[in-house]
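Shown next, in structure tokens, is the structure this report addresses.
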Amino acid sequence: MPEKHPAQMTTELEKLPTHHLVTIKEAVMIQQYYCKEKLDADQRPQIIIALLSKIRCYYHYLFPIFARHNTSLLGYPPKCVPATLLSAVTALGWVFETKDRHATGHSTPKIDSWQDYEPISLQKDSGKTIMKFKRKFETCDFEDIRVADDIPMHDINSMGARSVFLLNTFEKVPKLPVDAKSFDFKMNKTAVPVNRTTYMYRVFEFPDLLGRHDIVQIDPIVQAGNEGVVHHMILYECRDNFPQIHVDFEGTTNSPEMPPPVLQCIGLSIITAWAIGGQSFYYPEHVGLSFEGHPKFAVMEMHYDNPENKAGIIDSSGLRFHYTSQLRQYQASILSVGWAVDPLMIIPPDQANWTTEGYCIKGCTEEGLQGSPLESGAIRIFAIVHMHLSPSRHIHPTCQEWCRTSRGYQRRQLRFQLSGSSGSKTGGDSFAGRLADNSLQGGPATGDEMCLSFHYYYPKANLTQCWSSQKPAVDKFYSNHGGSTQFLPSWFSFFPIHLPADLPTYLFSCLPSWLITQVPPNPNDWTEELVSELWDSYQDTQDIYVYCSGHNSIPLSGLRHTLQKKTVISSPLKREMQKITKVSACCLLIFVCLAKSSIIDLTSGHSFFAALDESQKVKLFWNVDTAKKEIYFTVEAQTTGWVGFGISTGQGKMQGADIVIGWVKDGETYFKDRHATGHSTPKIDSQQDYVLIALQEESGKTVMKFKRKFETCDTDDNSIKEGTTKVIYAMHPKDPESEDNIPMHTIRGARSVFLLNAIKDVPKLPADAKTFAFLMNKTQLPPKRTTYYYRVFQFPTLPGRRDVIRIEPVIQEGNEGIVHHILLYQCDHNNFPSSNLSYEGVGNSPDMPPAVKSCTGPSTIAAWAIGGETFYFPEHVGFSIGTNDSPKIVVMEMHYDNPLQKTGILDSSGLRFHYTSQRREYQAGILTVGWLVSRSMIIPPHQESWETQGYCVEDCTKEGMKGSSLSGGGIKIFASALHTHLAGHAAYTKHVRDGVELPEIIRDDNYDFNFQEFQIPAEETTVMPGDTLITGCKYHTKDHPKSGGLGTNEEMCLSFHYYYPKINLSNCLSCQCSAVENWYQSHYSQHPAKNNSLWNDKWTPGLRDSYRDTNAINAHCSGVDGKDLPGLGWKVVDKPKIDIPLKPEPVCQGVPSSSPNKLASYSLGLVTILFAVLLSCMY
1 MPEKHPAQMT
11 TELEKLPTHH
21 LVTIKEAVMI
31 QQYYCKEKLD
41 ADQRPQIIIA
51 LLSKIRCYYH
61 YLFPIFARHN
71 TSLLGYPPKC
81 VPATLLSAVT
91 ALGWVFETKD
101 RHATGHSTPK
111 IDSWQDYEPI
121 SLQKDSGKTI
131 MKFKRKFETC
141 DFEDIRVADD
151 IPMHDINSMG
161 ARSVFLLNTF
171 EKVPKLPVDA
181 KSFDFKMNKT
191 AVPVNRTTYM
201 YRVFEFPDLL
211 GRHDIVQIDP
221 IVQAGNEGVV
231 HHMILYECRD
241 NFPQIHVDFE
251 GTTNSPEMPP
261 PVLQCIGLSI
271 ITAWAIGGQS
281 FYYPEHVGLS
291 FEGHPKFAVM
301 EMHYDNPENK
311 AGIIDSSGLR
321 FHYTSQLRQY
331 QASILSVGWA
341 VDPLMIIPPD
351 QANWTTEGYC
361 IKGCTEEGLQ
371 GSPLESGAIR
381 IFAIVHMHLS
391 PSRHIHPTCQ
401 EWCRTSRGYQ
411 RRQLRFQLSG
421 SSGSKTGGDS
431 FAGRLADNSL
441 QGGPATGDEM
451 CLSFHYYYPK
461 ANLTQCWSSQ
471 KPAVDKFYSN
481 HGGSTQFLPS
491 WFSFFPIHLP
501 ADLPTYLFSC
511 LPSWLITQVP
521 PNPNDWTEEL
531 VSELWDSYQD
541 TQDIYVYCSG
551 HNSIPLSGLR
561 HTLQKKTVIS
571 SPLKREMQKI
581 TKVSACCLLI
591 FVCLAKSSII
601 DLTSGHSFFA
611 ALDESQKVKL
621 FWNVDTAKKE
631 IYFTVEAQTT
641 GWVGFGISTG
651 QGKMQGADIV
661 IGWVKDGETY
671 FKDRHATGHS
681 TPKIDSQQDY
691 VLIALQEESG
701 KTVMKFKRKF
711 ETCDTDDNSI
721 KEGTTKVIYA
731 MHPKDPESED
741 NIPMHTIRGA
751 RSVFLLNAIK
761 DVPKLPADAK
771 TFAFLMNKTQ
781 LPPKRTTYYY
791 RVFQFPTLPG
801 RRDVIRIEPV
811 IQEGNEGIVH
821 HILLYQCDHN
831 NFPSSNLSYE
841 GVGNSPDMPP
851 AVKSCTGPST
861 IAAWAIGGET
871 FYFPEHVGFS
881 IGTNDSPKIV
891 VMEMHYDNPL
901 QKTGILDSSG
911 LRFHYTSQRR
921 EYQAGILTVG
931 WLVSRSMIIP
941 PHQESWETQG
951 YCVEDCTKEG
961 MKGSSLSGGG
971 IKIFASALHT
981 HLAGHAAYTK
991 HVRDGVELPE
1001 IIRDDNYDFN
1011 FQEFQIPAEE
1021 TTVMPGDTLI
1031 TGCKYHTKDH
1041 PKSGGLGTNE
1051 EMCLSFHYYY
1061 PKINLSNCLS
1071 CQCSAVENWY
1081 QSHYSQHPAK
1091 NNSLWNDKWT
1101 PGLRDSYRDT
1111 NAINAHCSGV
1121 DGKDLPGLGW
1131 KVVDKPKIDI
1141 PLKPEPVCQG
1151 VPSSSPNKLA
1161 SYSLGLVTIL
1171 FAVLLSCMY
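Position 548 of the sequence shown, counted from 1, bears residue number 548 in UniProt numbering, the numbering being contiguous throughout.
And the structure:
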């Protein structure tokens, strides 16, 4: 046939015999013509039907042209894409006859005119019939179906079906290496709820191995009998600062005991994935999933699908990981691409071929694939696909051919590896084969829908999630047909709107009514016009929101919920965009800026978090604005009644506390700044210093967002200072009758936090980071209040210098209240006997070797105390190991506090060290300052605030800081912690230079024995040679005196300071031994105690005077090797004096108080501006 216009070709084709084969060139011309040109009504299917009966080889290309005129498609076309026939191809055989057939209905399949299946053998043996035959992928017979990536193969005898990959299976299962080992992540006899959909989560810890290992095979372990219930498993990576205490946690996302750190792992960086129908997954021989101290923790998501709501299902399914020390050439990772799981993905009912698309835009791949070692910065991928019930085909245009799947979800092993370079466009997941009658939304439930693809790729890059959402398209659709409150909350859970902190809440009332009306609630309300309009909105709106994140779930720069343009892959039919009116656009703009308080995720966008109670019914989120000296709080409580939050006077008590109480009743918010004078309803302050930002009640929770100044200059308020703040909370399930009639709380409590000195930005571990741990070995604790236990450790042998950059406490579960502190002391490895390397035992026991005993105390290299978290060194500082002068042998001191004297306690707590070969600029050291632990420190009974001081004298800093590498000498302190025992209620470290007091290094006026954490100052402190440091402590005692000592009931006054660069100064201590001696001679011996009492009150004034007036002190300073500095082992020196005290900064002089009138004026001004914007939109 000569080349002609396709319109003319169609007429000639009608005259051709049924099985005439046109050339490929001619067929493509016809296909392209009818895909690109719009057909008028008079050109309807008659022409196409004629073509379908003539052109066999391209039947499956021309079929969509006919389908687009089907009235069931509501007049709008799907994209002109390949489609499978709506019939099945069968091959029936029995001994000795085989025929190629096709099925036209539920009757005997008809024999094909063309026999394209070629029989090889057919036999019957032992009750079985075996057919062996072959056929082409593409037979060009319109009665056959093209063999594609994934088609259902029917077992005729059993009348069943199964989905398989005919072309993309593993041709050869790789053999496991000889040294391969395995570990399992499995659920622990989980009781599956009587629900259709359950998402269950469990926390796991990767095995602690020496050096990198590569996972090469992952097996699903599906418990027998639960094969149809376990729908999918996804393993999510947790951030590096994940608390180990949550390991083995198991629960659902909506369970009240779900820890926030676990919740933060879910849905972000994916380590691996499996779904129903999947088998074992084998990595290519040059690729492995590496773990080497990172990831350390993971959360496994189990999606249980229980459609029959069966009871009594117990499950222990999971994944088995096979790993080897034979390292692969490339490290693997997973990239998730598609539409963010949210209700904005709407699929109307009764759709034969509804398509959705999720995009991984150019900006994400450009940013995320930087640094790839492959040519042109590319990655190579292999993928699994994932949807829910409705789709029967999944199309992803990354593939060179169309990639299809059914509900089997098996991982695809590609015969070729797909390359995606930095800057490539990816997207276009498609649905096909609607099964349901009802409209669907995106969501995690089985009855909801998803459009995601998970791609295994190598080499590992900083890109794990690349999602989008067509929120602007849905906004446009709803603006014409009504918004829905059932959708809006989820918009903001994935795309949170950060409100201006000063925004008055009553401005939310300006929202237009169409934003809070309902969409059609049932399938009967979906008209053809409505479906067509939704389709047009999705197709024509070019704006999308994108979200891209790298490893550790950290969003890529500028790609967190940002507005971008859609990446268009193919669009056969262009439609003119329907414009939103100017007024609607302005109202939408104001809505996005202001939102409505009841639909905003108020807990997002905070730098700090603390669960205020163990069950996490009350949560605190906050941000700090140091420039404005303001703090922004969000309190979330599981109640629909009133919620209270307060700053206590330091002891966590209600009396004297600065309190806010709020609730929502009948749509109105109530919020007041109050103060407590006793155990009664807190009184409303005359000066309202807490500014409400938002207050909402939703899903059984009440959330308050508000702010206040550090210092309000209100006598009814408590100042927010650096150091420990004891916050209190309370709540009640019912709303008060009035602001003066508040029912007594049903739940209350207190918790210590650092509001101003917590670690804000957690540094990311380098890619080469490794770990080792020093842990006790099932140490049995004696039934005593205080036990000091010691164990010797050796640092790992390394090929050169490595820098420790993170020190993590490892506290055995159940012993959190018993392990009081951990100290690590450096030993003199040159003179340490090898026979003592395995020693462990109780302090001061007769069998403690002298070499071990000599280590304890002189040189501290790491410290942790109860309440502390993981410690992160700054990015320019590390603690060096592996060098000639670095620690080789250490002794770990464990202070166990067992107040109930329990028996049978076993402990394996300790410290975990993360180190890297990437050298930091400076080496860190730790300096201990304070009163030498001894009986010379005496605290009388009945004291409200007895103060002691320990000194690091100028002679010590002069000698110890020699050789500093800093310009000008000295050291810089970047973190500090204070340490006393039970009687201590405040502590500080002062800094003095030439008699002039400089700003304090650390202060804590509300010291908490159970919360001893390193404070991170806003600025580092430079300490110069000749400077003096003074650590002071204040004690509150009752009926008994206290003395210095190691016991929990004895006392200490110490501070620990991390600094750089490392110098030869570790301990800088003192004692007022002469003062005690003078007091003993003048008071103690002359006024003995009576009636077997431990104290005579006449001793107290003399002891205070002796400490104050005795000028001589004993200074003790030692270097990093534990040896005394020259002449400073026990030197008597004059007590340092402060000639010019530090003047306190005036905070309340000339500061105007908050004024309701000013706030009202501000609010009125903002309303005026918004009203002006609306007017400009309307005219």
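Glycine residues also receive a C-beta, built at the ideal position from the N, C-alpha and C atoms. Fair warning: this is a prediction, and the values are worked out from it, not measured in the lab.
query	result
Would DSSP call residue 836 helix, strand or coil?	helix
Would you mind reading off the limits of the alpha helix (DSSP H) that contains residue 119?	Looking at the DSSP string, residue 119 is not in any alpha helix (DSSP H); the run it does join, the beta strand (DSSP E), is 118-125.
Just to confirm the assignment: which complete alpha helix (DSSP H) runs, minimum length 4, are found wholly within the stretch 611-654?	none
Nearest-angstrom Cα distance between residue 311 and residue 196?	11 Å
Which class does residue 957 belong to by DSSP, given the choice of helix, strand or coil?	helix
Per DSSP, which one or two residues make a beta bridge with residue 1043?	938
Considering only DSSP beta bridges, list what residue 555 is partnered with.	549
If you draw a straight line from the C-alpha of residue 861 to the C-alpha of residue 649, how long is it?	35 Å
If you compare alpha carbons, which of 1082, 636, 316, 709 is closest to residue 697?	636
Keeping to the same chain, check which residues put their C-beta closer than 6 Å to that of residue 941; ignore five residues upstream and five downstream.	1037, 1039, 1040, 1041, 1095
In the DSSP output, what is residue 246 paired with across the bridge?	None, per the DSSP bridge assignment.
Rounded to the nearest angstrom, what separates residue 1008 and residue 995 at their Cα positions?	31 Å
Could you check where the beta strand (DSSP E) with residue 1102 kicks off and where it finishes?	Unbroken run through residue 1102 is the alpha helix (DSSP H), 1099-1109; no beta strand (DSSP E).
Have a look at residue 413 and residue 365 and give me their C-alpha separation to the nearest angstrom.	At residue 413 the pLDDT is 40, less than 50, meaning the model places this residue with poor confidence; the figure from the coordinates comes in the next sentence. Approximately 23 Å between the Cα atoms of the pair.
In the DSSP output, what is residue 1182 paired with across the bridge?	It is not possible to answer for residue 1182, since the shown part of the chain is limited to 1 through 1179.
Going by DSSP, what residues sit across from residue 1067 in a beta bridge?	928, 1118
Below 8 Å, how does it come out for the stretch 961-974 and the stretch 1060-1070: are there three or more Cβ pairs, yes or no?	yes
Is it true that the stretch 653-663 meets the stretch 720-740, where meeting means three or more beta-carbon pairs spaced less than 8 Å apart?	yes
Pull up the distance between the alpha-carbon of residue 900 and that of residue 820, whole angstroms please.	14 Å
State the Cα-Cα distance for the pair residue 969 and residue 1136, rounded to the nearest angstrom.	22 Å
Is it buried or exposed, residue 700, if we count other Cβ atoms within 10 angstroms and call 16 or more buried?	exposed
Taking C-alpha atoms, which residue in 805, 811, 838 lies nearest to residue 881?	805
With a threshold of 8 Å on Cβ separation, who are the neighbours of residue 616 within its own chain once the five nearest residues in sequence on each side are excluded?	256, 257, 258, 259, 260
Spatial neighbours of residue 669 within its chain, please: C-beta separation below 6 Å, excluding the five flanking residues on both sides.	695
Measuring alpha carbon to alpha carbon, tell me which of 204, 658, 1147, 948 ends up nearest residue 1107.	948
Which of helix, strand or coil does DSSP assign to residue 478?	helix
Quick one: Cα of residue 809 to Cα of residue 472, how far?	46 Å
Whole angstroms are fine: how far does the CA of residue 185 sit from the CA of residue 247?	12 Å
Rounded to whole angstroms, what is the Cα-Cα separation between residue 681 and residue 897?	37 Å
Check whether the stretch 1010-1017 touches the stretch 969-982, counting contact only when three or more Cβ pairs, one atom from each stretch, lie closer than 8 Å.	yes
For residue 194, report the span of its beta strand (DSSP E) as first-last.	Residue 194 -> no beta strand (DSSP E), and no H or E assigned at all.
Could you give the distance in angstroms between the alpha-carbon of residue 141 and the alpha-carbon of residue 114?	7 Å
Tell me the rounded alpha-carbon separation between residue 762 and residue 241.	7 Å
Give me, in chain order, the residues of the same chain whose beta-carbon lies closer than 7 Å to that of residue 373; leave out the 5 immediate sequence neighbours on both sides.	459
Excluding the five sequence neighbours on either side, which residues of its own chain have a C-beta within less than 7 Å of the C-beta of residue 902, listed in chain order?	783
Pick out the complete beta strand (DSSP E) segments inside the stretch 962-1012, 3 residues or longer, and give them in chain order.	971-979, 984-993, 996-1004
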